[in-house]
Amino acid sequence: MNLRKAKIGQAVKVVSLEAEGSLRRRLMDMGITKGVILVIKKVAPFGDPLEITVRGYELSIRKSDAEKILVEAVDNNG
Amino acid sequence: MDKKIKIGLVGNPNSGKTTMYNALTGSNQYVGNWPGVTVEKKEARLKKHKDAILTDLPGIYSLSTFTIEEIVTRDFLLDDEVDVIINIVDATNIERNLYLTTQLLEIGKPVIIALNLIDVATKRNDFIDVDKLSTLLGVPVVVASALKNQGLSEIIDKAIELAEDKKTPKVLKYSLRTAKAIEDIKELIESDSQFEGIHLLDKDQLLIEKYNLKENEKYINIIKKYENDKMTDSETAIVEERYDIIEKIVKETVKKNLGKKSTTEKIDKIITNRFLALPIFILIMFIVYYISITTIGDMTIGLMEYLIGDLLGGGVDNLFKNWGVASWVNSLVVDGIIGGVGAVLVFVPQLAILFLFLSVLEDSGYMARVAFIMDRLFRKFGLSGKSFIPMLIGTGCSVPAIMASRTIENEKERRMTIILTPFIPCGAKLPVFALFIGAFFGPFASVSMYLLGIFVAIISGIVLKKLKYFKGDPTPFIMELPDYRLPSVKNTLSHLWDKVKGFLIKAGTIIFVASTIIWFLQSFSWSMQMVDAEDSILASIGRFIAPIFSPLGFGNWQSTVAVITGMLAKEQVVATFGVLMNVDVSSLPAQISTIFTPISGYSFMAFILLAAPCLAAIGATKKEMITTKATILTVLFQTMVAYIVSLVIYQVGTLFINNKGLVITIIICLLILSVAIYTFVNSRRKKNAGSSCSGCGCKC
Chain X
330 MNLRKAKIGQ
340 AVKVVSLEAE
350 GSLRRRLMDM
360 GITKGVILVI
370 KKVAPFGDPL
380 EITVRGYELS
390 IRKSDAEKIL
400 VEAVDNNG
Chain F
64 MDKKIKIGLV
74 GNPNSGKTTM
84 YNALTGSNQY
94 VGNWPGVTVE
104 KKEARLKKHK
114 DAILTDLPGI
124 YSLSTFTIEE
134 IVTRDFLLDD
144 EVDVIINIVD
154 ATNIERNLYL
164 TTQLLEIGKP
174 VIIALNLIDV
184 ATKRNDFIDV
194 DKLSTLLGVP
204 VVVASALKNQ
214 GLSEIIDKAI
224 ELAEDKKTPK
234 VLKYSLRTAK
244 AIEDIKELIE
254 SDSQFEGIHL
264 LDKDQLLIEK
274 YNLKENEKYI
284 NIIKKYENDK
294 MTDSETAIVE
304 ERYDIIEKIV
314 KETVKKNLGK
324 KSTTEKIDKI
334 ITNRFLALPI
344 FILIMFIVYY
354 ISITTIGDMT
364 IGLMEYLIGD
374 LLGGGVDNLF
384 KNWGVASWVN
394 SLVVDGIIGG
404 VGAVLVFVPQ
414 LAILFLFLSV
424 LEDSGYMARV
434 AFIMDRLFRK
444 FGLSGKSFIP
454 MLIGTGCSVP
464 AIMASRTIEN
474 EKERRMTIIL
484 TPFIPCGAKL
494 PVFALFIGAF
504 FGPFASVSMY
514 LLGIFVAIIS
524 GIVLKKLKYF
534 KGDPTPFIME
544 LPDYRLPSVK
554 NTLSHLWDKV
564 KGFLIKAGTI
574 IFVASTIIWF
584 LQSFSWSMQM
594 VDAEDSILAS
604 IGRFIAPIFS
614 PLGFGNWQST
624 VAVITGMLAK
634 EQVVATFGVL
644 MNVDVSSLPA
654 QISTIFTPIS
664 GYSFMAFILL
674 AAPCLAAIGA
684 TKKEMITTKA
694 TILTVLFQTM
704 VAYIVSLVIY
714 QVGTLFINNK
724 GLVITIIICL
734 LILSVAIYTF
744 VNSRRKKNAG
754 SSCSGCGCKC
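Going line by line, the protein sequences match chains X and F. Quick note: to get the working numbering, add 329 to the position in the first sequence (first position is 1). Quick note: to get the working numbering, add 63 to the position in the second sequence (first position is 1).
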């Protein structure tokens, strides 16, 4: 599944990035790489963007960009 | 010592870099808590080592070449004669901060790590093994808190020691394949720079151009082989290896206390809550402007008017009359200088309060949340949530606002933000509104100016988006939400003083000189006789230009002159009226009502609000737009918008007063017409959409 479909509060593991070019690079620079654990914290009041926790800090990305991050579910303890 | 030591201060946005810079150099740099405060590099001597120069560089996440800040920092570190790099690492966010560190270690210059915000990390009960961190990275690590003046002298001593030893860090341990590919590239370009080797493996466009490798077969083959071996593209492979290395280091050195929720998390539960976020934002903005403009602002204006107009102006007038000073000198000093500069100074306390609130908002971390909340709305007219930060700062002053637009990565979005930001009423426009509100309207007129500014910015955004240049897909919005921090009193006050100082300097220089010139031009005729203002040089210039403004309702020469002098600085509009009306500050509103009607007054306010910003803001625009052509187009666009809006306000307003029935009829007709057009266009669009995606199976 992609990150957009992940539930709020659910921990997910990044499988791959489908984004290309500068978006791909920016996401990776910010620490979204294969194998990293992400948690969706919340959705902004108007329904977009998302707030996610990655590598111990909070990052905001739009749903349309989140769609390009493929993830798989992990249990919340992992 | 024959040569000064040059130190570069590098770190992630929001790692406390500027606070560190201020603490080390004693200068009052602009500090804020949103990503990307330092938009260009700043230099200063160190407080305790006068032979060392510290350069504050923009905060960056990576040394790639996607943003202006990254390029500025990169160029400086690679080309300039930097002797040593101080890398600020946020102790509360080590993992991502070290990503930049891994790149800095490859530059080939001595690096020292300042583990900043250690006090915050300690308070959270995070444990960091500093010695081990230093060993694993192969560079000195010093714990510090810039805010609490902790560890600063140790950092500097170590940095200077390193600069003298020229001890460069050892190379990070990449996988065998990566290391081999880097070596192959270094051999190919005959360079021993690890930085160039790895960034070429990373397909860095600037370096590929430098070595003319675009069609070099050997280079292409090295990359191809590497990507085949790694089964992914080389950029991804390298980023992943960097983070792998970092993860290992962090695992061995950092133990985060994940037990309790952080304060930031608790605050965000409320501040960015689905239902509360918007009301809270509106409430905060309302409180800020209510307090700084009406309550405390009003009180201080009354006090300042008394101090400057009655006490100072009246006193000097009496004194000069007693001394028998020539009447023209008396007029120059009392009407020209005290009248002009005084009209502006009256508003200083009010602006100081406004600036104080804005700087607290900036330092606290709230700005990034506002961008987060507003992104969805702003995208509708071609901007992103990041554009909101410049606009909010623009309520204080357009100059820092325009400069703040640099954090917007996409050029189209950045330019659009620069064009639209001056539509938001800046602090210097408030005195103009206050003057007319005093003459004609209640405080609601001031609120309506903000609404008008926002409305015009939105409409202009939608219109500009239709232009070919601004078309295009929305760009990604990837923004860090920094931890909330309690703004330090020292930072806030120095921040505030910086802005008030700028305002006072302007009052003392531009406005002082302009007021004197205006006094001269309005006191003398072309034949250098002292005359009434009506027959002065200024009146004749004003009358010549005035017809342009007649359709807007203020075709009198005084307001024409005020519009022109307003180009120097918006506060000058009030100062000009002060000089021209020849009255003290407190009776100015009454005088204004003799040359304006409420409608022409409102039209004038709208024109001042929207027309070309002051010289300083135009200068900032030029700096960001780079070309003169773009700058002129921007200023022309803004002035044209101002003219049209004022024209509509005045003409419709006048018509309405003279002929209510007719206007209401016209408005209703227009409404019906626009609804009809909208429905028509929409139905056509739906039709087109329906035909183009037939068979896709989705519900259009």
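Every residue gets a Cβ at the ideal spot worked out from N, C-alpha and C, and that includes glycine.
Less than 9 angstroms separates the beta-carbon of residue 344 (chain F) from that of residue 436 (chain F).
Rounded to the nearest whole angstrom, the CA to CA distance from residue 110 (chain F) to residue 230 (chain F) is 24 angstroms.
Here residue 334 (chain X) is exposed, its C-beta having fewer than 16 other C-beta atoms within 10 Å. Contact with chain X is absent for residue 243 (chain F), since none of that chain's Cβ atoms lies less than 9 angstroms from the residue's Cβ.
Counting along the chain, residue 108 (chain F) sits inside the beta strand (DSSP E) bounded by residues 105-108. Legend: CB atoms of the stretch 358-381 of chain X lying less than 7 angstroms from CB atoms of chain F belong to residues 358, 359, 360, 362, 363, 371, 373, 374, 375, 376, 377, 378 and 380.
A residue is called buried once 16 or more other Cβ atoms fall within 10 Å of its Cβ, and residue 350 (chain F), having fewer, is exposed. By the rule that beta-carbons nearer than 9 angstroms mark a contact, residue 583 (chain F) does not touch chain X.
Setting aside the 5 residues that flank it on each side, residue 364 (chain F) is surrounded in the same chain by 409, 410, 412, 413 and 497, each with a C-beta closer than 8 angstroms to its C-beta; the list follows chain order. Contact annotation: residue 426 (chain F) and residue 579 (chain F) have beta-carbon atoms that are not nearer than 9 angstroms. One thing to note: residue 508 (chain F) has its Cβ within 9 angstroms of the Cβ of residue 500 (chain F). Per DSSP, the continuous alpha helix (DSSP H) segment holding residue 429 (chain F) begins and ends at 429-442. Within the stretch 127-139 of chain F, those residues whose Cβ lies closer than 7 angstroms to any Cβ of chain X are, in chain order, 127 and 129.
Every unbroken stretch of the alpha helix (DSSP H) spanning 4 or more residues and falling wholly within the stretch 336-394 of chain F is given here in chain order: 340-352, 359-368, 377-386 and 390-394. Using a 10 angstroms sphere on the CB of residue 420 (chain F), the tally of other CB atoms reaches 16 or more, which defines it as buried. In the three-state scheme derived from DSSP, where H, G and I count as helix and E and B as strand, residue 399 (chain X) is classed as strand.
The beta carbon of residue 542 (chain F) sits closer than 9 angstroms to some beta carbon of chain X. Residues 413, 416, 417 and 420 of the same chain have their beta carbon placed closer than 7 angstroms to that of residue 355 (chain F), with the five preceding and five following residues left out of the count.
Three or more Cβ pairs drawn from the stretch 476-495 of chain F and the stretch 666-673 of chain F lie within less than 8 angstroms of each other, which places the two stretches in contact.
When beta bridges are read from the DSSP output, residue 386 (chain X) appears opposite X:383. In this structure, F:117 is the residue among F:117, F:292 and F:121 with its C-alpha nearest to the C-alpha of residue 223 (chain F). Nearest to residue 186 (chain F) by alpha-carbon distance, out of F:461, F:320, F:512 and F:677, is F:320.
Here DSSP, grouped into helix, strand and coil, assigns residue 287 (chain F) to helix. Residue 256 (chain F): not part of any alpha helix (DSSP H); DSSP gives it neither H nor E.
Here residue 722 (chain F) carries a coil assignment [DSSP, helix/strand/coil].
About 11 angstroms separates the CB atoms of residue 654 (chain F) and residue 648 (chain F); that is not less than 8 angstroms, and the two are not in contact. In this structure, residue 368 (chain X) and residue 381 (chain X) form a Cβ contact; the two beta carbons are roughly 6 angstroms apart against a cut-off of 8 angstroms. Residue nearest to residue 249 (chain F) within the set F:232, F:271 and F:228 is F:271 (criterion: CA-CA distance). The bridge partners DSSP lists for residue 191 (chain F) are F:317. Residue 402 (chain X) sits exposed, since fewer than 16 C-beta atoms from the chains shown fall within 10 Å of its C-beta.
With fewer than 16 other CB atoms across the displayed protein chains lying within 10 angstroms of its CB, residue 330 (chain X) is exposed.
Residues of the stretch 430-441 of chain F with a C-beta less than 7 angstroms from any C-beta of chain X: 435, 436, 438, 439 and 440, listed in chain order.
Residue environment for residue 684 (chain F): buried (at least 16 other C-beta atoms within 10 angstroms of its C-beta).
Contact between residue 205 (chain F) and residue 218 (chain F) holds, since their C-beta atoms are separated by about 5 angstroms, short of 8 angstroms. Residue-level contact check: residue 638 (chain F) does not touch chain X, since none of the beta carbons of chain X fall below 9 angstroms from its beta carbon. As the crow flies, the alpha-carbon of residue 384 (chain F) is around 36 angstroms from that of residue 660 (chain F).
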